[in-house]
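The sequence shown: position 80 = 80 (UniProt numbering), numbered continuously. In this text, a Cβ means the ideal position worked out from N, Cα and C, and glycines have one as well. Notes to accompany the following structure.
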Amino acid sequence: MSALLSVEDLDVTYRRQRVLAGVSLTAGTGEILGIIGETGSGKTTLARAVVGLAPVTAGRIRFAGTDLTGLRGRALRDWRRTGQVQYVFQDPLRALDPQHTVATIVAEGLAVAGRPVGDRVEWALSQVGLDPALAGRTPGRISGGQRQRVLLARAIAMRPRLLLCDEPVSALDASNRNHVLRLLADLRTTADVTVVVISHDLSSLAGIADRVAVLYGGRLVEHGPAEEVLANPRHPYTALLTASAPSVRRDHPIPASALRRPAGAPPVPGDGCPYASRCPFATGACATVPALSTVDGGRAVACHHPFSLPVKETTP
Ligand SMILES: Nc1ncnc2c1ncn2[C@@H]1O[C@H](COP(=O)(O)OP(=O)(O)OP(=O)(O)O)[C@@H](O)[C@H]1O
Numbered sequence: 001m002s003a004l005l006s007v008e009d010l011d012v013t014y015r016r017q018r019v020l021a022g023v024s025l026t027a028g029t030g031e032i033l034g035i036i037g038e039t040g041s042g043k044t045t046l047a048r049a050v051v052g053l054a055p056v057t058a059g060r061i062r063f064a065g066t067d068l069t070g071l072r073g074r075a076l077r078d079w080r081r082t083g084q085v086q087y088v089f090q091d092p093l094r095a096l097d098p099q100h101t102v103a104t105i106v107a108e109g110l111a112v113a114g115r116p117v118g119d120r121v122e123w124a125l126s127q128v129g130l131d132p133a134l135a136g137r138t139p140g141r142i143s144g145g146q147r148q149r150v151l152l153a154r155a156i157a158m159r160p161r162l163l164l165c166d167e168p169v170s171a172l173d174a175s176n177r178n179h180v181l182r183l184l185a186d187l188r189t190t191a192d193v194t195v196v197v198i199s200h201d202l203s204s205l206a207g208i209a210d211r212v213a214v215l216y217g218g219r220l221v222e223h224g225p226a227e228e229v230l231a232n233p234r235h236p237y238t239a240l241l242t243a244s245a246p247s248v249r250r251d252h253p254i255p256a257s258a259l260r261r262p263a264g265a266p267p268v269p270g271d272g273c274p275y276a277s278r279c280p281f282a283t284g285a286c287a288t289v290p291a292l293s294t295v296d297g298g299r300a301v302a303c304h305h306p307f308s309l310p311v312k313e314t315t316p
């Protein structure tokens with residue numbers, strides 16, 4: 001599968017504070033890439049960097065061969081107008097203008113880009129399973145699940161090739177969550193898009209992502225095919241995530257009791273492994289940043305002591 005999006009050694013720095021360091025990942029054409037990590041790990045910053053909304057201080061972001069980090073001024077404006085990459089914001093209520101109708105909201109990107117609207121609003125609403133009769137309503141008069149779909153409709157009305165969805169289901173109840181997740185999986189065929197889904201909740205990604213990338217403290221700690229990463233995590237932090245998600249956890253290789261550590265905000269990127277202070281397996285080697293190395297086909301992990309063999313859960 002060819003890479004549509006390629007992020008290479010990316011650093012983002014806010015007010016002299018690095019919040020992403022050396023992040024490299026790809027999203028292949030037509031796949032769903034899940035980005036997982038706890039609050040503050042840098043997921044939103046990564047997505048915002050891809051659409052030019054975060055200060056990239058090193059590295060490259062390429063999309064279909066175009067170096068987005070190199071675009072400036074008019075070239076950047078022209079690129080944005082193409083609408084090829086759409087970022088779907090985290091909070092539908094705040095992202096939708098309460099005064100505007102659904103129809104105006106969905107047509108917004110096209111209008112800003114000076115592109116014809118035609119029947120694009122009806123098309124986008126039907127793609128996300130919304131009744132066209134809702135087009136005249138304002139966001140306050142539709143449900144939370146419908147608002148999330150309106151955000152998606154606004155994005156796909158641009159006919160993007162890549163959708164970046166930031167916590168698309170975190171504000172939804174279980175039944176709406178499943179609907180929206182299924183919708184994202186369907187959109188890659190019906191609307192021909194590649195989807196990046198950001199979530200702090202592993203179980204949301206488990207059923208739909210082809211591959212997952214795990215962020216911790218502004219660094220990528222593991223990535224690879226979703227099935228393999230979730231069934232047999234190699235990084236202690238990924239293991240903790242999977243052990244804490246009962247719907248994902250199967251015959252878990254590492255006893256959850258061996259992984260539990262007091263919670264706390266992840267650190268900003270520094271000189272050592274970002275997970276060292278919480279990792280029960282840390283050694284002196286973890287004072288240096290581990291390189292992201294391939295451990296088996298298509299899987300990479302940044303850890304000085306990655307799990308290599310499944311260790312079965314033992315009953316006391
Ligand atoms: N505009 C900003 N100015 C300064 N620091 C920022 C800014 N945006 C994010 N940060 C910092 O960058 C780090 C990563 O934040 P980010 O929002 O990307 O994390 P996240 O994993 O998406 O978390 P959440 O799930 O809460 O959205 C945090 O330490 C945050 O405080």
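Ends of the beta strand (DSSP E) at residue i?
{"i": "D91", "result": "Counting along the chain, D91 falls outside any beta strand (DSSP E), and DSSP gives it neither H nor E."}
{"i": "D166", "result": "162-166"}
{"i": "G34", "result": "32-36"}
{"i": "G272", "result": "Looking at the DSSP string, G272 is not in any beta strand (DSSP E), and its letter there is neither H nor E."}
{"i": "A206", "result": "Not the beta strand (DSSP E): A206 falls in the alpha helix (DSSP H), residues 202-206."}
{"i": "R211", "result": "211-216"}
{"i": "G224", "result": "219-225"}
Taking the alpha-carbon positions, what's the residue i to residue j distance?
{"i": "A27", "j": "A213", "result": "10 Å"}
{"i": "A226", "j": "V106", "result": "32 Å"}
{"i": "A133", "j": "S170", "result": "26 Å"}
{"i": "E38", "j": "G207", "result": "19 Å"}
{"i": "L68", "j": "S199", "result": "24 Å"}
{"i": "H179", "j": "I156", "result": "17 Å"}
{"i": "Q17", "j": "V268", "result": "8 Å"}
{"i": "H305", "j": "A282", "result": "8 Å"}
{"i": "V102", "j": "G136", "result": "6 Å"}
{"i": "G217", "j": "P168", "result": "22 Å"}
{"i": "P98", "j": "G34", "result": "30 Å"}
{"i": "G129", "j": "T45", "result": "30 Å"}
{"i": "T314", "j": "S143", "result": "Residue placement at T314 is poorly supported in this model, since its pLDDT is 46, which falls under 50; the coordinates still yield a value, given next. So the alpha carbons of these two residues sit roughly 46 Å apart."}
{"i": "D11", "j": "L5", "result": "16 Å"}
{"i": "S126", "j": "V7", "result": "32 Å"}
{"i": "Q86", "j": "S277", "result": "36 Å"}
{"i": "residue 358", "j": "T189", "result": "Coverage of the chain is limited to positions 1 through 316, which leaves residue 358 absent and any answer about it impossible."}
{"i": "A49", "j": "Y14", "result": "12 Å"}
{"i": "Q84", "j": "M158", "result": "7 Å"}
{"i": "T57", "j": "G70", "result": "12 Å"}
When every heavy atom of ligand 1 is checked, does at least one fall within less than 8 Å of the C-beta of residue i?
{"i": "R15", "result": "yes"}
{"i": "S203", "result": "no"}
{"i": "E31", "result": "no"}
{"i": "A54", "result": "yes"}
{"i": "H304", "result": "no"}
{"i": "T39", "result": "yes"}
{"i": "E167", "result": "yes"}
{"i": "H200", "result": "yes"}
{"i": "G218", "result": "yes"}
{"i": "G42", "result": "yes"}
{"i": "T45", "result": "yes"}
{"i": "L215", "result": "yes"}
{"i": "V196", "result": "no"}
Quick one: grab the DSSP three-state call for residue i.
{"i": "R299", "result": "strand"}
{"i": "V193", "result": "coil"}
{"i": "T45", "result": "helix"}
{"i": "Q99", "result": "coil"}
{"i": "I61", "result": "strand"}
{"i": "I156", "result": "helix"}
{"i": "D131", "result": "coil"}
{"i": "Q17", "result": "strand"}
{"i": "A27", "result": "strand"}
{"i": "T39", "result": "coil"}
{"i": "T294", "result": "strand"}
{"i": "L4", "result": "strand"}
{"i": "G136", "result": "helix"}
{"i": "D119", "result": "coil"}
{"i": "T314", "result": "Residue confidence is low: T314 scores 46 on pLDDT, short of 50, so the model does not pin down where it sits. Its coordinate-derived value is still stated next. Correct three-state label for T314: coil."}
{"i": "I105", "result": "helix"}
{"i": "D173", "result": "coil"}
{"i": "V56", "result": "strand"}
{"i": "T283", "result": "coil"}
{"i": "G70", "result": "helix"}
{"i": "G22", "result": "strand"}
Since residue i is in the alpha helix (DSSP H), which residue starts that stretch and which ends it?
{"i": "P236", "result": "236-243"}
{"i": "R80", "result": "73-82"}
Does the beta-carbon distance from residue i to residue j come in below 9 Å?
{"i": "L202", "j": "L241", "result": "yes"}
{"i": "S24", "j": "G59", "result": "yes"}
{"i": "A95", "j": "V121", "result": "no"}
{"i": "T194", "j": "I36", "result": "no"}
{"i": "V19", "j": "L164", "result": "no"}
{"i": "residue 320", "j": "F89", "result": "There is no way to answer for residue 320, as the model of the chain reaches only from 1 to 316."}
{"i": "residue 323", "j": "G42", "result": "Residue 323 falls outside the range modelled here, since the chain spans only 1 to 316, and no answer is possible."}
{"i": "residue 347", "j": "A185", "result": "This structure cannot speak to residue 347, because the chain is shown only from 1 to 316."}
{"i": "T288", "j": "G264", "result": "no"}
{"i": "D192", "j": "R161", "result": "yes"}
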